[in-house]
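Visitor:
Residue numbers (this note's numbering), protein chains in the order written: chain A, 26 to 352; chain B, 908 to 1245; chain C, 523 to 805.
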């Protein structure tokens, strides 16, 4: 695929450019299986970069997360570019942002990396509990190799990979200035894990399922904030005037929150799974988004974040669009 | 003080006796996480599997959402919510009880907070000592211990086939009295429990020397460190909502039809909206200031007011952070770099 | 009087009179309210500088400074700028309607300590609201103070609060001087044209035995502070007020802190010498 030295070398090269402010990648975390997003400012910082199945944040979210603060009088804005390590899903997020004009292509440098999927820490921790020791992991064919305190454990990737990654059809970047390493052969047919099962369940069963899930939500908004597509400066969840969703934590308001978020992701969600991975309450948010991804695919043959020249789903109209579901 | 022993075989009758006397709150598994919930009659749900609750038991005394008063829109009459019930929390970790002691001071300081204090005064806490500390525990750095009794009414220690229980307060003795039929008198189990706690203490791997942090936080206000440690922050509320000492809240009026209520709900200093003025001005405009405030509140502001650090070393903020922002990492950098 | 058993339960206060100080999108409306409960009305005590949580049931509450002095009578005055959800709802209130009031909150201007001194207030825009009770209080106890000087300005004549009162002040003998300004020239305006900090330099008050209190937009305060220093004022002679978002008013809910200071408890009135130590106070 791609070795770390190649990535570090290229990262050094990129941050040495005058027109680049920094490169966002990952570095080792402080314990267990954690890695943390990392800003490479100077060439020597690149030595700390890591790239492994543990890199589970979608870095595209940082393109829109930085606060735009007023500059002190007389200070010129820093117009240098932000470089980003992107895998298939990260690049799809960037592409979606490009089509929405959320990000200016001229302002980003995309360093593409092939990816064989990231681990879902929840799956990993059940059988391989986290320790203080900072662990390493790597892809090895169809396995994930965990390296904890020098001891290597080979795990079939089906056991620990994030559900989204198991069915990923975009393991290679769809947009990048340069992609390192060898392309990865896609391994999955199109499918939407967990969706069919719910679709086949009765209305009452589905209701009960989501009631139980949403009741557990603590409204920390980690899902929203980790999502590269949630970048509204004035989110309706924060709004008080008017108040669309009450701040009380109960099933009803929590459900309204999740429905509102899901609706705003229709035709925009790039199936990276970041929302579900960051949820401290373990709500299977991917199932909601995947259902909508599936609907948009089936009804409009649209797949967000795959065409940098494309038009956003909600901004496109085709007289031949299906209407059979409109009441 | 009374010392008792509970044979695990008698677990069901113990739990039932507690539930008969008071509203019993218990760590229950909800999806992949544990949280405290009113006991539902499922006595098989023992504490064997339970490690710690993702949502701390502060939620029992400071519920995430709490009605302050009710009214009819257009009317002037205000009515108070129902009186709270006597509660017992079973299985709180000692750090979480110490956290309640920290929150108590805020709600008793200057003016009393009637909602919190009613809840707190009506709640007894049976703590469960930690035989096996968790990966990010550092309670021993903050005068805590896996067997600390501060904030507890009863301390319970797992001895394998039985639990050792010791009441710490009069309330605790009364609680044990309620469940007397399920308990036996202790005979020497106390020292066994002490040994287990001591052993557990030795297993805690993470630590911080808190000496001098308060002063450094004051001196290093503008340090570049704050930019660096807050950069990856997503600005979510996981660290604060799940923190057992975080107690900040929002107050909102919520109306359905003509039924109105004023309620309060957990709020987080990590949210931009928390300090946003209506004018659009925000005194803490970015994640940098918010991160600095979160750390400073715990390790400086609270200390200046109550002479105590508002952190118990439970490690939840570390474990639950989606991007591995680690308070111990920040604190050690504060010590080294500021 | 704060509700002893439950400080979160507000009292009902009847709006006796209202009028607009300024107009437009961000209009400022003044309310004169009286507690409906006789006992509350009699026992309520506040001092200049203190605030109250006022609001409308079903909408919410906002922390607003009490712009009347206790020396004026058994009523409270609030001047409210229409900004957000709560202030919009407050602006709907007309005489006869009720609002909720709880408090008083925060500390006050140390007017007892200031006895025998010259009092100088420097206000801008809605910032005159917390200064007005000082003016009224000193006027009512004028023999206790050596002098009272009022400096006040706004962007245009339409943005001036308490216009008539301030004009009347100029005629009033116990106030040795009242200086008004607007930022931009307007027909019929006979007073100063320019920014408040500039007017302050024009007035050129002596720092000798003087206490200066300033309140207004942050940018005005910044330059007023600079100019007061130029005039020779010591930090300890300068006071200002802070405002931050508040919910509880009693030091529990967290958000109003500026560094270690809780604006609701340690403030809103601060001595400049204290504030200088707190970088977040000027954020």
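Cβ coordinates follow ideal geometry from the N, Cα and C atoms, glycine included. The structure presented is a predicted model; accordingly, all values stated were derived computationally and were not measured.
Looking at the structure shown, is residue 1074 of chain B part of a helix, part of a strand, or coil, going by DSSP?
Guide: strand
Visitor: Answer with yes or no whether the minimum CB distance from residue 1040 of chain B to chain C is below 9 Å.
Guide: no
Visitor: For the stretch 52–85 of chain A, which residues have a beta carbon sitting closer than 8 Å to at least one beta carbon of chain B?
Guide: 54, 55, 56, 57, 59, 60, 61, 62, 63, 64, 82
Visitor: Could you tell me the alpha carbon to alpha carbon distance between residue 1160 of chain B and residue 718 of chain C, rounded to whole angstroms?
Guide: 39 Å
Visitor: Using a Cβ cut-off of 8 Å, which residues of the stretch 593–622 of chain C contact any Cβ in chain A, in chain order?
Guide: 606, 607, 610
Visitor: So within the stretch 79–115 of chain A, which uninterrupted alpha helix (DSSP H) runs reach at least 4 residues, ignoring any that extend past its ends?
Guide: 86–90
Visitor: Have a look at residue 614 of chain C and residue 642 of chain C and give me their C-alpha separation to the nearest angstrom.
Guide: Spanning the two alpha carbons is a distance of roughly 35 Å.
Visitor: Using three-state DSSP, classify residue 914 of chain B as helix, strand or coil.
Guide: strand
Visitor: For residue 749 of chain C, count neighbouring C-beta atoms within 10 Å of its own C-beta (all shown protein chains included) and say buried if the count is 16 or more, exposed if not.
Guide: Buried.
Visitor: From this set, B:1078, B:1146, B:1227, B:1200, which residue's C-alpha is nearest residue 940 of chain B's C-alpha?
Guide: B:1227
Visitor: Using only CA atoms, which one of B:1173, B:1114, B:1229, B:960 lies nearest to residue 1137 of chain B?
Guide: B:1229
Visitor: CA-CA distance, residue 733 of chain C and residue 673 of chain C?
Guide: 13 Å
Visitor: If you measure from the beta carbon of residue 274 of chain A to each beta carbon in chain C, is any gap under 9 Å?
Guide: no
Visitor: If I measure Cβ to Cβ from residue 335 of chain A and keep anything under 6 Å in the same chain, skipping five residues before and after, which residues do I get?
Guide: Residues of the same chain with a CB within less than 6 Å of the CB of residue 335 of chain A, apart from the 5 flanking positions on each side, are 124 in chain order.
Visitor: When the Cα atoms are used, what is the spatial distance from residue 303 of chain A to residue 1117 of chain B?
Guide: 30 Å
Visitor: Mind checking the stretch 525–539 of chain C against chain F and listing, in chain order, the residues whose C-beta falls within less than 7 Å of any C-beta there?
Guide: Looking at the structure shown, chain F is missing, and the protein chains on hand are A, B and C.
Visitor: With a threshold of 8 Å on Cβ separation, who are the neighbours of residue 89 of chain A within its own chain once the five nearest residues in sequence on each side are excluded?
Guide: 122, 127, 128, 253, 256
Visitor: Throw me the rounded Cβ distance for the residue 577 of chain C and residue 608 of chain C pair, which I believe falls under 8 Å.
Guide: About 6 Å separates the two Cβ atoms, so the contact holds.
Visitor: Of the residues A:150, A:71, A:178, which one's Cα is nearest the Cα of residue 163 of chain A?
Guide: The residue with the shortest Cα to Cα distance from residue 163 of chain A is A:178.
Visitor: Which partner residues does residue 934 of chain B have in the DSSP bridge list?
Guide: B:943
Visitor: Return the chain-ordered list of same chain residues with a C-beta closer than 8 Å to the C-beta of residue 761 of chain C, the five sequence neighbours on each side being excluded.
Guide: 631, 733, 734, 735, 736, 791, 792, 793, 794
Visitor: For residue 1062 of chain B, name the three-state secondary structure that DSSP assigns.
Guide: Of the three classes helix, strand and coil, the one that applies to residue 1062 of chain B here is strand, per DSSP.
Visitor: Using DSSP with H/G/I as helix, E/B as strand and the rest coil, what is residue 762 of chain C?
Guide: Residue state, collapsed to three classes: strand.
Visitor: Should residue 541 of chain C be labelled buried (16 or more other beta-carbon atoms within 10 Å of its own) or exposed?
Guide: exposed
Visitor: Taking beta-carbon pairs under 9 Å, can you tell me which members of the stretch 233–244 of chain A lie near chain B?
Guide: So the list reads 237, 238, 240, 241, 243, 244, given in the order they occur along the chain.
Visitor: Which residues in chain B have a C-beta closer than 8 Å to the C-beta of residue 271 of chain A? List them in chain order.
Guide: 1159, 1161
Visitor: Can you tell me whether residue 918 of chain B is buried or exposed? The criterion is at least 16 other CB atoms within 10 Å of its CB, across all chains shown.
Guide: buried
Visitor: Using a C-beta cutoff of 9 Å, does residue 937 of chain B count as contacting chain A?
Guide: With respect to chain A, the C-beta atom of residue 937 of chain B has a partner C-beta closer than 9 Å.
Visitor: Restricting to runs no shorter than 3 residues, where is the beta strand (DSSP E) found entirely within the stretch 1095–1130 of chain B?
Guide: None, since the stretch 1095–1130 of chain B contains no complete beta strand (DSSP E) of that length.
Visitor: For a contact meaning CB atoms closer than 9 Å, what does residue 932 of chain B contact in chain C?
Guide: Under the 9 Å cutoff, chain C gives no residues; its nearest Cβ is about 23 Å from residue 932 of chain B.
Visitor: Using the rule of at least 16 other Cβ atoms within 10 Å of the residue's Cβ for burial, across every protein chain shown, is residue 752 of chain C buried or exposed?
Guide: Note on residue 752 of chain C: under 16 other CB atoms within 10 angstroms of its CB, so exposed under the neighbour-count rule.
Visitor: For residue 523 of chain C, does the three-state DSSP call read helix, strand or coil?
Guide: Reliability fails at residue 523 of chain C, whose pLDDT of 48 lies under 50, so the model's placement of it is uncertain and no value is given.
Visitor: At least one CB of chain A closer than 9 Å to the CB of residue 1242 of chain B: is that the case?
Guide: no
Visitor: To be precise: take each residue of the stretch 144–160 of chain A, compare its Cβ to all Cβ atoms of chain B, and keep it if any distance is under 7 Å. Which residues remain?
Guide: 147, 155, 156, 157
Visitor: Nearest chain A C-beta to residue 963 of chain B closer than 9 Å, yes or no?
Guide: no
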